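All letters in the sequence shown, in the order written, are residues 1448 to 1744 by the numbering used here. By construction, the Cβ of each residue, glycine as well, lies at the ideal position given by its N, Cα and C atoms. Only a predicted model underlies this, so the values are computations on that prediction, with no experimental measurement involved.
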Amino acid sequence: MNILVTGANGQLGSEMRIVTKGSADKYIFTDVNDIPGVETTKLDMTDRDAVMEIVRRENIGAIVNCAAFTNVDAAEDNEPLAEKLNSEAVGYLAGAMKEVGGLLVHISTDYVFGEEPYNIPCREDWTGTPTGIYGKTKLHGEQAILSSGCDHLIIRTAWLYSEFGKNFLKTMLSLTSSKPSLKVVFDQVGTPTYALDLANTIYYILEGRRWKGNCGVYHFSNEGVCSWFDFTKMIAEYSGHTSCDVQPCHSDEFPSKVRRPSFSVLDKTKIKETFGVKIPYWTDSLKKCMSNMGVLV
Ligand SMILES: NC(=O)c1ccc[n+]([C@@H]2O[C@H](COP(=O)([O-])OP(=O)(O)OC[C@H]3O[C@@H](n4cnc5c(N)ncnc54)[C@H](OP(=O)(O)O)[C@@H]3O)[C@@H](O)[C@H]2O)c1
C-alpha cells in the first residue's frame, strides 16, 4: 500500500519517518516546506487540487495527517488560516480518501475539551467545548471527517514532545539551564506524550491493517498524570539542571490570549483494548526521548 504522510517535517511526522523505515508499504513524506537534507515531497494541504492529484498519481491507500496549525496563541489572531488548515483542508484529505476507498489517520487534540468541568480522564464519546480557536478548528476538522463518510482513525493526543521541532521539553531544557529560578503552572493537568510512542502506535495499526472494522475516535497519550510544573521538575532532574529552582504557580501569573483546559487527561482504555497496545508511563518516555537527544544525565 502507498501511504501519504502530511506535515512530515513536524514533530510527529519526523517520528513517522523513523518508525516506518522497515515497512514493506511505500511511505511518501510531504510537507509545505523543506528541511535541508531531508527528502520531502512538497504538498500544501490547503490546495484541494494538489491533494487529489497526488492521491491519484501515487495510488494512495491511506493518509496519516500530521499537519496542523499548532500554535495555540497564534491561532487566536489567525482564525481563517487555522480553520483552513485544521478543518477545511482536513475535509480535502477525507474527501480524497472517500473517493478512493482509503483510510485517513488524523491527529486531533485534548483541546477539543476545555469548558467542561471534567475531573476524571476524558473518554472519546464525551462532549467537548474548546476554550479557543485552535481547539475549535481542530474539532471542526474531526466533524469534517465524520461527515465525509471515509474510513478514519481520529486519534486525539496531548502535550506532544519529541527530539524534533519546537516543544515544551526543549523550551524547559533551555530555561532550566540558563535561569536560577523558574515558575511553572501547576493548575493545568494532563499527560505528556512522546511523539515516537504515538508514531509507533500508528505504524503498528497500519502494518497489521488493524483499522479494518475498528474505525472511529481514539485517545492516545503516555500513561499517568502531571501538571506542567511536575513535567518541568522531571526535565530539570533528568538533565541535571538542578541548580534552577523550579516553583509552582497559577495560570493567571502568565496572561495569555487563550485559556488552556485545566484538566485534559485522556482516557486511553479504548485504544488499548481495541488494538492491544501497551502505552509507556510518561516519565519512562521522557527519559527515553532525553536519552535520544543526548541530554539525559
Ligand atoms: N504539539 C502538541 O502539543 C499537540 C498536542 C495535541 C495534538 N497535537 C496534534 O498533533 C498533530 C501533530 O502535531 P505536531 O506537534 O507534530 O505539529 P508540528 O510540529 O507543528 O508540525 C506540523 C507540520 O505541518 C506543516 N504544515 C503547516 N501548514 C501546512 C500545510 N498547509 N500543508 C502541509 N503541511 C503544513 C508544518 O510546517 P511549518 O512548520 O513550516 O508550518 C509542520 O511541519 C497535529 O494535528 C496537532 O494538532 C499536537
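Those residues which DSSP pairs with residue i across a bridge
i: Thr-1412; result: Because the chain in this structure spans residues 1448 to 1744, residue 1412 falls outside the shown range and cannot be described.
i: Pro-1695; result: Val-1631
i: Ser-1555; result: Arg-1603
i: Tyr-1474; result: Ile-1450
i: Leu-1586; result: According to DSSP, which records beta bridges pairwise, Leu-1586 is partnered with nothing at all.
i: Val-1502; result: Per DSSP, none; premise fails for Val-1502.
Distance cut-off 7 Å: residue i Cβ against heavy atoms of ligand 1
i: Lys-1617; result: no
i: Cys-1513; result: yes
i: Thr-1488; result: no
i: Ala-1529; result: no
i: Met-1499; result: no
i: Trp-1675; result: no
i: Thr-1556; result: yes
i: Gln-1458; result: yes
i: Met-1492; result: yes
i: Val-1559; result: no
i: Val-1479; result: yes
Expected contact under 8 Å - CB spacing of residue i and residue j to nearest Å
i: Ala-1591; j: Gly-1538; result: 4 Å
i: Glu-1526; j: His-1587; result: Contact flag wrong, Cβ pair sits at about 11 Å.
Residue i Cβ short of 7 Å to ligand 3 heavy atom set
i: Gly-1612; result: With respect to ligand 3, the structure shown offers nothing to examine, as its ligands consist of ligand 1.
Under 8 Å between C-beta atoms of residue i and residue j
i: Thr-1640; j: Ser-1686; result: no
i: Thr-1584; j: Ala-1497; result: no
i: Tyr-1651; j: Val-1724; result: yes
i: Gly-1612; j: Gly-1454; result: no
i: Val-1636; j: Ser-1690; result: no
i: Asp-1478; j: Thr-1467; result: no
i: Leu-1551; j: His-1599; result: yes
i: Ser-1674; j: Val-1632; result: yes
i: Ile-1726; j: Glu-1670; result: yes
i: Ser-1609; j: Ala-1642; result: yes
i: Met-1544; j: Cys-1513; result: no
i: Val-1502; j: Phe-1476; result: no
i: Ile-1450; j: Asp-1481; result: no
i: Glu-1505; j: Ser-1555; result: no
* **Segments of 4+ residues assigned as alpha helix (DSSP H) that fall wholly inside the stretch 1597-1657** => Listed in chain order, the complete alpha helix (DSSP H) runs (minimum 4 residues) inside the stretch 1597-1657 are 1615-1625 and 1642-1654.
* Every unbroken beta strand (DSSP E) inside the stretch 1663-1709 [3 residues or more] -> Runs found: 1663-1666 and 1692-1696.
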